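Residue numbers (numbering that gives the first Met the number 0): 0 to 250.
We put the beta carbon where it would ideally sit given N, CA and C, even for glycine.
Keep in mind the model is a prediction, meaning the values are calculated, not measured.
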Amino acid sequence: MNPVLETIHRRTSLRRYKDTPISDNDLQTILAATLRAPTAGNMMLYSVLVIKDQAVKETLSKTCDNQPFIAKAPLVLIFLADYQRWFDYYRLSEVQELKTPDVGDLFLAMDDAIIAAQTAVLAAESLGMGTCYIGDIMENYETHRELLGLPDYVFPAAMLTLGYYPDEYKPIFRDRFPSEYIVHDETYRHLGDEELKAMFSELEKGFSPNNKFGATNMGQFTYARKTGSSFAREMSRSIRAALENWQGRLS
Ligand SMILES: Cc1cc2nc3c(=O)[nH]c(=O)nc-3n(C[C@H](O)[C@H](O)[C@H](O)COP(=O)(O)O)c2cc1C
Numbered sequence: 000m001n002p003v004l005e006t007i008h009r010r011t012s013l014r015r016y017k018d019t020p021i022s023d024n025d026l027q028t029i030l031a032a033t034l035r036a037p038t039a040g041n042m043m044l045y046s047v048l049v050i051k052d053q054a055v056k057e058t059l060s061k062t063c064d065n066q067p068f069i070a071k072a073p074l075v076l077i078f079l080a081d082y083q084r085w086f087d088y089y090r091l092s093e094v095q096e097l098k099t100p101d102v103g104d105l106f107l108a109m110d111d112a113i114i115a116a117q118t119a120v121l122a123a124e125s126l127g128m129g130t131c132y133i134g135d136i137m138e139n140y141e142t143h144r145e146l147l148g149l150p151d152y153v154f155p156a157a158m159l160t161l162g163y164y165p166d167e168y169k170p171i172f173r174d175r176f177p178s179e180y181i182v183h184d185e186t187y188r189h190l191g192d193e194e195l196k197a198m199f200s201e202l203e204k205g206f207s208p209n210n211k212f213g214a215t216n217m218g219q220f221t222y223a224r225k226t227g228s229s230f231a232r233e234m235s236r237s238i239r240a241a242l243e244n245w246q247g248r249l250s
């Protein structure tokens, strides 16, 4: 395997870090790689927040669905979908009949931010660091706006915790679904019931009937834990609140 593929295949989410700050040199290397990520129209519709402040990390560890390891990560990076810069520039340029950014602009900016985040993940991994995405940064929109000073046309798309691997760390490689169910030739292949059963058969081996949701199978369990959970409801509420700003109104 070449070094790039080796880095990709070596990565797993890391939630426990060596108690060593990230060196400035490594941080700058990660950021320089991040800024080379592809970006729609070369507009760089994203910003990156570098968070080292312990108090902010403590707050994020609570507002992001109470995940204490966030506060213990030496570094947190937040990738913001950012249309504010271009909107302000258009205004400054006296664009006539300027519309506020619309949902299409938000989705494009989300693409940009997430591609930048994954570029940072691989750069960090190549430097002996591990990372973990925190999807819950999309929750509590109002709180995160205030905490991070976000203007109207900026939305936190992704958050990463980063740190060097602890000594004697043994990665756990979580299984993926086989590619035959994920990769399709030319057009989408809607899986039939038998294929679905086959696809989930491996995952179902890990199902325990003794669970707090009273679920009697893996589908019910996953639905209760993810889709039906309070954090999923909060995420939808939070994103709806953010969407209030991204309606493409005439100013
Ligand atoms: C968008 C996104 C959000 C995630 N959010 C969290 C999170 O809030 N907390 C966490 O511990 N892991 C989170 N993860 C990590 C996933 O749980 C992890 O990638 C998945 O279980 C596969 O494991 P692996 O990354 O070790 O291969 C997230 C990953 C992604 C891509």
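For residue i, does the three-state DSSP call read helix, strand or coil?
i	result
D192	helix
S46	strand
F78	strand
S237	helix
K56	helix
K211	coil
K71	helix
L13	coil
L97	coil
L249	strand
Y187	coil
F206	coil
E179	helix
A280	Any property of residue 280 remains undetermined from this structure, which presents the chain solely from 0 to 250.
N41	helix
N24	helix
A32	helix
D111	helix
R173	coil
M217	helix
S229	helix
Q66	coil
T6	helix
E243	coil
S200	helix
K61	helix
D104	helix
D18	coil
Between residue i and residue j, which are expected to be in contact by the criterion C-beta below 8 Å, what is the C-beta distance as a whole number of angstroms?
i	j	result
F78	A157	4 Å
E76	V47	Contrary to the premise, residue 76 reads as Leu rather than Glu in this sequence. Indeed they touch by this definition, with Cβ atoms about 6 Å apart.
Q83	D151	7 Å
K17	G162	6 Å
T11	F172	6 Å
A116	L146	With a Cβ gap of about 19 Å, A116 and L146 do not count as contacting.
H143	T38	Not really, about 23 Å apart at Cβ, beyond 8 Å.
I21	A122	Not a contact, Cβ separation roughly 12 Å.
R45	A112	Correcting the residue identity first, residue 45 is Tyr in this sequence and not Arg. Rounded, the Cβ-Cβ distance is 4 Å, consistent with contact.
What number of angstroms, rounded off, separates the C-alpha of residue i from the C-alpha of residue j?
i	j	result
V49	D135	17 Å
K98	I133	32 Å
G40	A108	11 Å
H189	L26	43 Å
E193	E124	38 Å
M42	P208	50 Å
V102	G247	7 Å
E243	F154	12 Å
G129	E96	46 Å
K169	Y89	50 Å
A72	L249	42 Å
D81	L105	8 Å
E141	N1	44 Å
A197	G191	10 Å
V3	L34	18 Å
Y187	K204	28 Å
F212	S92	56 Å
L59	M234	15 Å
Looking at chain C, is there any beta carbon in it that lies within less than 8 Å of the beta carbon of residue i?
i	result
W245	The chain inventory of the structure shown lacks chain C, comprising one protein chain alone.
Length-filtered (4 minimum) alpha helix (DSSP H) runs lying within the region 114-169: 140-147
Tell me which residues pass a beta-carbon proximity test against ligand 1: closer than 6 Å to any heavy atom, given in chain order. T11, S12, R14, Q66, C131, Y132, I133, G134, D135 and R173
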